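K.L.:
The following block contains the structure, expressed as structure tokens.
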Amino acid sequence: MSFISVFDVIGPNMVGPSSSHTAGACAIACLARKMNNGTLKDVTFTLYGSFAKTYRGHGTDRALLGGIMGFATDDIRIRDSFAIAEDQGITFTFIPNDTDTDVHPNTVDIRMENADGRVMTVRGESTGGGKVRIVRINQVQVDFTGEFNAVIIIQQDRPGVAAHITKCLSDLGVNIAFMRIFRESKGETAYTIVESDERLPDDIPLRLTVNPHIHDVMLIQN
Amino acid sequence: MTDFKNAEELLELCGHRQQPISEIMKQRECDLAEVPMTQVHERMALALEIMRQSASAPLRSPVRSMGGLIGGQARLLHGRLESNSAVCGSVLTRGIIYAMAVLEVNASMGVIVAAPTAGSSGIVPGLLLSLQETYAFSDEQMINSLFNAGAIGYLAMRNATVAGAVGGCQAEAGVAAAMAASAAVELMGGTPQQSLDAASTVLINMLGLVCDPVGGLVEYPCQNRNAAGVANALTAAEIALAGIRQMISFDEMLDTMYHVGKRIPYELRETALGGCAATPSGCKFCHT
Chain V
871 MSFISVFDVI
881 GPNMVGPSSS
891 HTAGACAIAC
901 LARKMNNGTL
911 KDVTFTLYGS
921 FAKTYRGHGT
931 DRALLGGIMG
941 FATDDIRIRD
951 SFAIAEDQGI
961 TFTFIPNDTD
971 TDVHPNTVDI
981 RMENADGRVM
991 TVRGESTGGG
1001 KVRIVRINQV
1011 QVDFTGEFNA
1021 VIIIQQDRPG
1031 VAAHITKCLS
1041 DLGVNIAFMR
1051 IFRESKGETA
1061 YTIVESDERL
1071 PDDIPLRLTV
1081 NPHIHDVMLI
1091 QN
Chain P
6 MTDFKNAEEL
16 LELCGHRQQP
26 ISEIMKQREC
36 DLAEVPMTQV
46 HERMALALEI
56 MRQSASAPLR
66 SPVRSMGGLI
76 GGQARLLHGR
86 LESNSAVCGS
96 VLTRGIIYAM
106 AVLEVNASMG
116 VIVAAPTAGS
126 SGIVPGLLLS
136 LQETYAFSDE
146 QMINSLFNAG
156 AIGYLAMRNA
166 TVAGAVGGCQ
176 AEAGVAAAMA
186 ASAAVELMGG
196 TPQQSLDAAS
206 TVLINMLGLV
216 CDPVGGLVEY
226 PCQNRNAAGV
236 ANALTAAEIA
246 LAGIRQMISF
256 DEMLDTMYHV
266 GKRIPYELRE
276 TALGGCAATP
286 SGCKFCHT
């Protein structure tokens, strides 16, 4: 069982009204932003389940947009995130999806398009009390919560890539708490997620991308 | 390493070390989160500050909620207190005012501290801030009492649930009131056993309460239930402080609260398909 802090009970400090529909939504988008290397130009949020039904009254839309701009759950600017996004030149769309019901009741797909044309889609679930998890990156099922510092590696599914990753991390003195590999199918794109208690060295991406089978590396620090 | 899995172990620790619940919970946080005491203390001081802000702002400047169902209630109640016509007396009336104020802030996208959830965030600050005003407790004592409340909420999260979607309002407002009652007992000089008896009393008295928010929004009847949660907490604290024991322990009540919650129909667990949400008046805000 994972550690329940007193600040999970007396907390989170958050902009209301709902820990799952507002704070959780903000936290998912904040994670998505950290996963996206580059300048965000356009974002589309597709809302499922209870998110789709009640997003306006819960400020889920403002919280998502605030999170994608890097606002924390207790940042009062969430209220004005529509205007702030417009100022920053970020275009945004919200699409409620009432037809797909085979998902967690508080689910959102976040499609991020950068100024350079790169596109990334992240699916997140708000699991209650402000807790969240990311369950899909592009087409690959993953599972991580952002509670730890994490490095996400997009790679080709080839022999030796995982060994290269662990070697690099070991050379940098990183203590791995959890490490998991997810893949589309054999030989295709795979995602490695490594989580650590400590802050991760900033030169991890540089070291890892020496291997030609590693396409991209994202560092997600708390 | 200070840790406990249930109320029984918590009581043993308190007895063995001759320390209040708040002190055990603080030590647990330092040990398990591996952070120094000063940092833990500062973080709770910030929570107290946010609680105070959110409990007082709507008395001066009420705002309409996002869903438009609430706004201005705290100021109306405060007017009655100011003119000495409040029928509940000052401790309970203040508690109700603050609890409803926090829910107004929450529903209008202001900053609050979830305790344990946003929908039940008025009860703990409501009762504790009212007691501080009446009995002039120091902020130090207030911060300690929040650790006591945190211990009760942690046990509920660990061994039952605090999600309305899983266990109904008894899991949200019920647990919040249990937290507030236990913290109030410690503040008023009661023993750890009395704190847990008070928490148990609240769960007994709020057992089975459903979660049926009108329009699916954290507004109505949530705000009223936060006020009622303060009253339940205060009642339970008074009973415990008088030395009246409860035959059912807090551990047992958490267990039964969870099982009752699981048996609450889906329509009455935050889906807005039953209860108040499905009344003709409530259904004007139904989602088609």
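Residue numbers (the working numbering), protein chains in the order written: chain V, 871 to 1092; chain P, 6 to 293.
Heads up, the beta-carbon is just placed ideally off N, CA and C, and yes, glycines get one too.
Because the structure is a prediction, the values reported are computed rather than measured.
(1) By how many angstroms is the C-alpha of Gly929(V) removed from the C-alpha of Leu917(V)?
(2) Buried or exposed, going by whether 16 or more other CB atoms sit within 10 Å of the CB of Val1080(V)?
(3) Going by CA-CA distance only, name the one from Ile117(P), Ser95(P), Asn164(P) that's closest to Ala12(P).
(4) Apply the 10 Å Cβ neighbour rule to Ile249(P) and answer buried if 16 or more other Cβ atoms are within range, or exposed otherwise.
(5) Between the alpha carbons of Thr261(P) and Gly155(P), how many angstroms are there, rounded?
(6) Please decide whether Glu34(P) counts as near chain V, where near means a Cβ-Cβ distance under 8 Å.
(7) I want to see whether chain P comes within less than 8 Å of Ser889(V), judged by CB atoms only; does it?
(8) Please name the residue or residues paired with Met990(V) in a DSSP beta bridge.
(9) List in chain order: all unbroken alpha helix (DSSP H) runs of 4+ residues lying wholly within the stretch 990 to 1064 of chain V.
(10) Reducing DSSP to helix, strand and coil, say where Ser890(V) ends up.
(11) Straight-line CA distance for Gly927(V) to Met71(P)?
(12) Could you give the distance in angstroms between the alpha-carbon of Glu1068(V) and the alpha-carbon of Gly1043(V)?
(13) Roughly how many whole angstroms lie between the Cα atoms of Val92(P) and Thr98(P)?
(14) Hey, is Met884(V)'s beta-carbon within less than 8 Å of any beta-carbon in chain P?
(15) Rounded to the nearest angstrom, what separates Asp1168(V) and Asn984(V) at their Cα positions?
(16) Helix, strand or coil for Lys10(P) per DSSP?
(17) Going by beta carbon distance, what residues of the same chain come within less than 8 Å of Lys289(P), once the five residues before and after it are set aside?
(18) Are the C-beta of Asn229(P) and some C-beta of chain V separated by less than 8 Å?
(19) What is the rounded straight-line gap between the Cα of Thr1015(V) and the Cα of Gly1000(V)?
(20) Alpha carbon to alpha carbon, how far is Ala238(P) from Glu87(P)?
(21) Does any CB atom of chain V fall closer than 8 Å to the CB of Ala50(P)?
(22) Apply the 10 Å Cβ neighbour rule to Met42(P) and answer buried if 16 or more other Cβ atoms are within range, or exposed otherwise.
(23) Can you find the residues in the same chain that come closer than 6 Å, C-beta to C-beta, to Arg1050(V), ignoring five residues on each side of it along the sequence?
(24) DSSP on Ile249(P), reduced to helix/strand/coil?
(25) Can you give the beta carbon distance from Met184(P) to Gly158(P), rounded, assuming they're within the 8 Å contact cut?
(26) Identify the residues that DSSP records as bridge partners of Ile938(V): which are they?
(27) Which value, in whole angstroms, describes the spacing of the CA atoms of Ile117(P) and Arg85(P)?
(28) For Gly220(P), decide whether its Cβ has a neighbour in chain V, counting only Cβ atoms nearer than 8 Å.
(29) Quick one: using the 10 Å Cβ neighbour count with 16 as the cut-off for buried, is Asp1073(V) buried or exposed?
(30) Check whether chain P comes within 8 Å of Thr924(V), counting only Cβ atoms and requiring the distance to be less than that.
(31) Among the residues of its own chain, which have a CB less than 8 Å from the CB of Thr293(P), if the five just before and after it don't count?
(32) Taking 8 Å as the CB-CB cut-off, is Arg949(V) touching chain P?
(33) Determine, for Leu151(P), whether the minimum Cβ-Cβ distance to residues of chain V falls below 8 Å.
(34) Using a beta-carbon distance below 8 Å, is Ile874(V) in contact with chain P?
(35) Tell me, please, whether the CB atom of Pro41(P) is closer than 8 Å to any CB atom in chain V?
(36) Given that Asn111(P) touches chain V, what residues does it touch there, using C-beta distances under 8 Å?
P.N.:
In brief:
(1) 13 Å
(2) exposed
(3) Asn164(P)
(4) exposed
(5) 20 Å
(6) yes
(7) yes
(8) Met982(V)
(9) 1031 to 1041
(10) helix
(11) 6 Å
(12) 10 Å
(13) 8 Å
(14) yes
(15) There is no way to answer for residue 1168(V), as the model of chain V reaches only from 871 to 1092.
(16) coil
(17) none
(18) no
(19) 11 Å
(20) 24 Å
(21) no
(22) exposed
(23) Ile1063
(24) coil
(25) 5 Å
(26) Partner(s): none; Ile938(V) has no beta bridge.
(27) 25 Å
(28) yes
(29) exposed
(30) yes
(31) With a pLDDT of only 49 at Thr293(P), under 50, the local geometry of the prediction cannot be trusted, and the value read off the model is given with reservation. Within the same chain, Thr293(P) has no close Cβ partners at all.
(32) yes
(33) yes
(34) yes
(35) no
(36) Gly886, Pro887
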